[in-house]
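See structure below.
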Amino acid sequence: MTEPVARTLRMLPPKPTGFSGADVQQRLSQRRRADARFRAYGLAAIALAILSLFLILADVTGKALPAFTQSTLRLDVPVTSEHVDASAPKAGDYEATVRNALRGLFPEVQSRADRKALDSLLSTGAADALRHRVVADPALIGQIIASKALLSSDADLYVKGVSAKVSTAAGVGAAKPSATSGAVTLDLAPDALAGVLATDLAATTTAAAAPVTLDTTTPSLLLALNGGIVKITSLASGKAEGEILVPLTTADAAAAGAWRHILIATPETSRKINDRQIAFLELLADKSAIERHFNFAFFGRGDSREPELAGILGGLMGTAYTMLVTLGLCLPVGVAAAIYLEEFAPRNRLTDLIEVNINNLAAVPSIVFGLLGLAVFLNVFGLPRSSPLVGGLVLALLVMPTIIIASRAALKAVPPSIREAAVGIGATRQQAIFHHVLPVAMPGIMTGAIIGMAHALGETAPLLMIGMVAFIADVPGSPADAATVLPVQIFLWSDLPEAGFQSKTAAAILVLLAFLVVMNGLAIWLRKKFERRW
Amino acid sequence: MDATAVSRADIAASAPVKVVARGVDVYYGDKHALKDVSVAIPERSIMAFIGPSGCGKSTFLRCLNRMNDTISICRVTGSIVIDGADIYDTAVDPVELRSRVGMVFQKANPFPKSIFENVAYGPRIHALAATKADLDAIVESSLRKASLWDEVKDRLHDSGTGLSGGQQQRLCIARTIAINPSIILMDEPCSALDPIATARIEELMEELKQNYTIIIVTHSMQQAARVSQRTAFFHLGTLVEEGDTTSMFTNPREQKTQDYITGRFG
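Taken in order, these protein sequences are the chains called U and C.
So that you can map any letter, position 477 of the first sequence is 653 in the numbering used here, and since no number is skipped, the others follow by simple counting.
So that you can map any letter, position 130 of the second sequence is 550 in the numbering used here, and since no number is skipped, the others follow by simple counting.
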């Protein structure tokens, strides 16, 4: 046994005890300031994130709201045997019956141009509801059916106030038209449209006293009086000249408050709906024939070229099928691969190579997976083009590395004592893993799956490569049917020129977000169920 | 004289031999962790392995139920005979062996499941219970033998990880007893426990020794002296001395043993 080594202790100068020294106080307050600063940065970052999220949601929701309602026209439609043959109710010309019913409301409309303007207020699918009813009950043929005809997208957007800025006000003083049709002169009270002249049309006047001329590049001014509509072409104080769009019933003076003006600030050339159509819509609105409902059809239809007929169900079902295929494939395969690599695989060059490649795969641009899908799944295996089956396969490949990496991390985090405990009482390795390690790792694996599936849900580029970008009007009935998915549907709609698709695009984004929230909510609920208190 | 022969002669009068190890060497990769260890362990008694950290006592313990098999770089040579059969024979299934040689670890490691499930797991995978009633009976008797029953009988379906440290370790002992092994290996079972919990485990070992052969690795020489009938002292991978506990602590044959038990090193 060795003797304890004698040591000489070098004495250090005594340190000040307590925290009273000035330099100590200064250092402490510096540290406190650093703490406070750090906390402020964190709060600012979170506030910024919440603000951005709120702004995005508010913007998208605001734009999407018009898509959630639709306008219909109440019409009493006589279903005559002239248009609908009782022996073949399906083949009937219901469009003509609905068109005729609308024309019946405006008997004075005779010219081809006017009729076209009137007809175009109706959607091409305006007669669909009627057709369903009559086909279901052929006894209705020959009767007059109270029906709701869908308005065209342009008319619908006008009714919702989206496509043009419109302001109306009751008339001041009496208005006396000179005729009931054709060109007309109106005698107005001197201050009748003074406000409109002074503010809304101010930009178009040159001299204060000269009459203002209105044409297709200026705001439009319509006067509704005596059951008809006058379009003003020239306006001066107390006097207006115009053209009658819908004939008046009388040429009598309309009393104060019995007429109104409709100012459409958007010039006629800048909008899809013309003054004549607006005149028809205003009169129909006066008769309370236009109704707005919640747009159930948006959630019950596939895509369409007509904005008012386009629905999200095709994309929604396509996404649901694609996600099912993706999840059904990548979760078992990914978890099995992770278990093998983490628990069974020998540590050698080959497994190192596999590990590096899995990590690299997670960083491959998604469009490359699309090209792979195109080359392998479509061209080699001949799987159906544009189908959720192929989409799901491609996305499964895309998501697999994420799930493998997350699952391996989760398995690695399980304390080895659990494995030892199980093996120590005679469990096989496989029993130890499946009975004890995997349940403990499950929440981590689920988190990886959530991240992966959310990634797959928003993926667009690889699906373009396998043809899911095609226009598909049918709602898919199986994963092998041609379909599109929500992000691709958003991409498609955002590209279309029709104004009606703008709100559909925003609405589709909301549906996608809702899908994401529901999917993740489900996964988090499952994770909570699996979670064990440690 | 051969160490095994010495201890065999030593214990022949008291009890039959349960485990005989001859010339056991263990390598972790290039490291020669255990060198030529030979020892005989009597049945229904407590054998303690003592020695400083890294001396190979835990390694040797883990050879007895082939837990070292789970470490890929570990290699074991020599022979270990339990009940007359070499456990490193190719015909022996380590999974079957571990159902006969149970193990309790240093840190209590109950499964993150209910108390009942913790104890019932072993009988279930070894199909020891034919009916639910049988399983209930096994769980109850195991918990009683581990003197835990009275503390947990009203909350069998609460999580096993919610128990105190000492209770968790007794739960682990109950879990081991439930598969009805003939040998129980204990790897420093009390190192994370307070003296009261330690005393309870030691009492429990005293009772269990009536039916089981217990082999315990401990850092505490007092514990070895209190509970064991025989003690083996390991140092730097070799078995320095092995013998009757009382005579070893009072009159060790080797100088190194003397130095260790008197606290000169370690």
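Cβ atoms here follow ideal geometry from the backbone N, Cα and C, with glycine treated the same way.
Taking just the CA atoms, how far does residue j sit from residue i?
i      : j      : result
U:E179 : C:I681 : Summary for U:E179: the model assigns pLDDT 47, below 50, so the residue's position carries little reliability, and this model does not support an answer.
U:N696 : U:A649 : 28 Å
U:D269 : U:G476 : 24 Å
U:K407 : U:R436 : 12 Å
C:R520 : C:D456 : 25 Å
U:T442 : U:L662 : 33 Å
C:L454 : C:L659 : 9 Å
U:G218 : U:A212 : 10 Å
U:L485 : U:N471 : 10 Å
C:I461 : C:P601 : 16 Å
U:W710 : C:R575 : Note that U:W710 has pLDDT 47, beneath the 50 cutoff, so the model's placement of it is unreliable and the number below is only indicative. U:W710 and C:R575: Cα-Cα distance of roughly 17 Å.
U:N536 : U:L526 : 15 Å
U:E570 : U:A684 : Residue identity check: residue 570 of chain U is Val in the sequence provided, not Glu. So the alpha carbons of these two residues sit roughly 23 Å apart.
C:G585 : C:T479 : 24 Å
U:L686 : U:R584 : 34 Å
U:M493 : U:D367 : 59 Å
C:G683 : C:A511 : 44 Å
C:A433 : C:L605 : Residue confidence is low: C:A433 scores 49 on pLDDT, short of 50, so the model does not pin down where it sits. Its coordinate-derived value is still stated next. When rounded, the distance between both Cα atoms is 24 Å.
Could you please give me the residues that DSSP links to residue i through a beta bridge?
i      : result
U:D322 : According to the sequence shown, residue 322 of chain U is Ala rather than Asp. Answer is U:D252, bridged to U:A322.
U:A400 : U:I405 and U:R436
C:S579 : C:S534
C:S467 : Inspection of the sequence shows that residue 467 of chain C is occupied by Met rather than by Ser. DSSP lists C:I635 and C:R650 as partners of C:M467.
U:G653 : None; U:G653 has no bridge partner.
U:V511 : Paired residue(s): none; U:V511 is not in a bridge.
U:R203 : Answer is none; U:R203 lacks a bridge partner.
C:L454 : C:V446
U:P242 : According to DSSP, which records beta bridges pairwise, U:P242 is partnered with nothing at all.
U:L411 : U:V388 and U:A416
C:I461 : C:V439
C:D506 : C:V501
C:M523 : C:L605
So, with DSSP's three-state summary, where would you put residue i?
i      : result
U:Y497 : helix
U:H612 : helix
U:P353 : strand
C:I599 : coil
C:I604 : strand
U:P358 : What sits at residue 358 of chain U in the sequence shown is Gly, not Pro. Correct three-state label for U:G358: coil.
C:H655 : strand
C:R495 : strand
U:R468 : strand
C:L568 : coil
C:V398 : Residue 398 of chain C lies beyond the residue range present for chain C, which begins at 421 and ends at 686; the question has no answer from this structure.
U:P180 : Confidence in U:P180 is poor, its pLDDT being 49 and thus under 50, which makes the residue's placement unreliable; the coordinate value appears in the next sentence. It is coil, neither helix nor strand.
U:G643 : coil
U:A416 : strand
C:Q630 : coil
U:E482 : coil
C:K552 : helix
Within 10 angstroms of its Cβ, does residue i collect 16 or more other Cβ (buried), or is it exposed?
i      : result
U:Q319 : exposed
U:P522 : exposed
C:V439 : buried
C:N671 : exposed
U:W701 : exposed
U:A243 : buried
C:S562 : buried
U:Y516 : exposed
C:R650 : buried
C:P504 : First, the residue type needs correcting, since residue 504 of chain C is Gly and not Pro in the sequence shown. Exposed is the call here.
Measure the CB-CB distance between residue i and residue j and report whether it falls below 8 Å.
i      : j      : result
U:L364 : U:K415 : yes
U:T409 : U:T426 : no
C:Y632 : C:I603 : yes
U:L373 : U:L401 : no
U:P619 : U:E707 : yes
C:S579 : C:S534 : yes
U:Q453 : U:A331 : yes
U:A632 : U:T502 : yes
C:R590 : C:L624 : yes
U:V664 : U:M644 : yes
C:F536 : C:V559 : yes
U:L255 : U:I317 : Per the sequence shown, residue 255 of chain U should be read as Val rather than Leu. Cβ distance < 8 Å, so U:V255 and U:I317 count as in contact.
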